[in-house]
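J.:
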Amino acid sequence: MKSLKVSGLSASYGSLVVCRDISLEVNPGEVMAVIGPNGAGKTSFVGAIAGAVSSVGEVSLGGRSLVGMPVHRRTRLGLATVPDNRGLFPPMTVDENLRLGAQFVPRAQRADAIDQAVSYFPFLKDRGSNLAGSLSGGQQQMLAIAKCLASRPSALLLDEPSQGLAPIILDEIVKVIGELKRRGLPMLLVEQNHGLVQRTADRFAVLVGGRVVMSGGPAELQDRENIGRLFLERRQANQPH
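Counting from 166, one number per residue, gives the positions in the sequence shown under this note's numbering.
1. Which residues in the same chain have their Cβ closer than 8 angstroms to the Cβ of Asp-324, if we skip the five residues on either side of it in sequence?
2. Could you name the residues of the same chain whose beta carbon sits closer than 8 angstroms to that of Asp-186, not counting the 5 residues immediately before and after it, in chain order?
3. Can you name, in chain order, every residue of its own chain whose Cβ lies under 6 angstroms from the Cβ of Met-307, other than the five neighbours on each side?
4. Our contact map puts Ala-198 next to Leu-322 with C-beta atoms below 8 angstroms; I'd like the distance itself, whole angstroms only.
5. In the DSSP assignment, find the beta strand (DSSP E) that holds Val-270 and state where it starts and stops.
6. Which two residues bound the contiguous beta strand (DSSP E) that contains Glu-261?
7. Bridge partners of Glu-407, per DSSP?
8. Strictly by DSSP, which residues pair up with Glu-107?
9. With respect to the alpha helix (DSSP H) encompassing Gly-293, which residues constitute its N-terminal and C-terminal limits?
10. Tell me which residues share the same chain as Gly-227 and place their Cβ nearer than 7 angstroms to its Cβ, disregarding the 5 neighbours each side in the sequence.
11. Is Asp-277 helix, strand or coil by DSSP?
12. Put Met-379 into one of helix, strand or coil per three-state DSSP.
13. I need the straight-line Cα distance from Ser-316 to Gly-293, nearest angstrom please.
14. Grab the span of the beta strand (DSSP E) containing Arg-185 for me, first residue to last.
15. Among residues of its own chain, excluding the 5 on either side of Ala-408, which ones have a beta-carbon nearer than 7 angstroms to its beta-carbon?
16. CB-CB under 7 angstroms to Pro-189, same chain, minus the five flanking residues each way: which ones, in chain order?
17. Could you please give the first and the last residue of the uninterrupted beta strand (DSSP E) stretch that includes Arg-368?
18. What three-state label does DSSP hand Lys-170 in the structure shown?
19. Just list the residues that DSSP pairs Val-221 with in beta bridges.
20. If you compare alpha carbons, which of Ser-230, Ser-299, Phe-254, Arg-368 is closest to Gly-381?
21. Pull up the distance between the alpha-carbon of Gln-404 and that of Gly-360, whole angstroms please.
22. Find out if the Cβ-Cβ distance for the pair Thr-240, Ala-297 is shorter than 8 angstroms.
23. Residues in its own chain within less than 6 angstroms of Gly-194 by CB, not counting five upstream and five downstream?
24. May I ask you to report which of helix, strand or coil DSSP gives Ala-331?
25. Short check: CB of Ala-217 to CB of Cys-184, under 8 angstroms?
Here is the structure:
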């Protein structure tokens with residue numbers, strides 16, 4: 166597997182800069198979590214890495230620069246993204262969504278890639294002809310992850326995967342993240358759910374106001390009081406006086 170590296174990344178929408186000078190590295194078999202309050206720039210940061218949001222700075226996968234490449238080119242090179250809206254096509258079947266996920270895999274290997282992706286979420290085997298839009302929210306999230314895994318990625322971006330999920334579904338996703346870690350896949354996890362982060366992440370960075378204001382490992386992440394105070398202080402600092 167390859168390392169995902171971000172150096173001096175800033176993202177913007179026109180003249181509005183939403184992320185500033187962010188640098189981090191996700192190594193093979195590691196989960197790097199990015200946490201922060203609403204409006205911190207987390208989703209924009211993921212979009213910039215994926216190529217969906219305008220940015221400056223460096224993004225590389227396995228030492229190869231992805232700068233200037235559109236989303237589909239980055240996907241073809243191994244960077245898969247589960248966006249916060251799941252990125253599914255509701256009028257299409259489960260099988261059709263999975264085939265879209267595998268579209269950049271060599272034709273002779275696509276069936277195997279899909280089978281391997283489905284093995285993480287066995288219920289999908291019996292839902293192949295169902296429309297993606299007919300699945301529950303939790304089932305759609307699992308399909309979204311499987312769709313990305315069908316691309317045989319070298320790195321995976323997960324944007325708020327716990328959003329709106331029942332605890333039993335969240336437990337399944339935690340198990341899958343653990344298995345992907347054991348297989349050496351580097352993952353960048355954007356989350357507000359501290360419980361999920363504590364159960365899966367090896368390291369974390371706190372993003373507030375588009376900047377990394379704190380980072381650390383599992384021990385530091387346990388200090389919810391200081392992290393919560395940091396969020397509050399930054400919000401107050403950004404309010405007009």
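Don't be surprised by glycine CBs; every beta carbon is placed ideally from N, CA and C.
T.: Walking through what the data contain:
1. Lys-207, Thr-208, Val-211, Thr-246, Val-247, Pro-248, Asp-249, Val-355
2. Gly-173, Leu-174, Ser-175, Gly-222, Arg-376
3. Phe-286
4. Actually they are not in contact, since the Cβ atoms of Ala-198 and Leu-322 sit about 12 angstroms apart, beyond 8 angstroms.
5. Val-270 -> no beta strand (DSSP E), and no H or E assigned at all.
6. Note, Glu-261: premise wrong, no beta strand (DSSP E); alpha helix (DSSP H) at 259-266.
7. Missing from the structure shown is residue 407; the chain here goes from 166 to 406 and no further.
8. Given a span of 166 to 406 for the chain in the structure shown, any question on residue 107 remains unanswerable.
9. Here Gly-293 belongs to no alpha helix (DSSP H), and DSSP marks it neither H nor E.
10. Lys-167, Ser-168, Ser-319
11. helix
12. strand
13. 17 angstroms
14. 181-191
15. In the structure displayed, the chain extends from 166 to 406; residue 408 sits before or after that span and is not available.
16. Looking at the sequence itself, residue 189 is Leu, so the reference to Pro does not match. Within the same chain, Leu-189 has close Cβ partners Val-171, Met-197, Ala-370.
17. 368-373
18. strand
19. Ser-175
20. Arg-368
21. Since pLDDT at Gln-404 reaches only 43, below the 50 mark, its modelled position is unreliable, and the value read off the structure follows with that caveat. Those two C-alpha atoms are separated by around 29 angstroms.
22. no
23. Lys-346, Gly-349
24. coil
25. no
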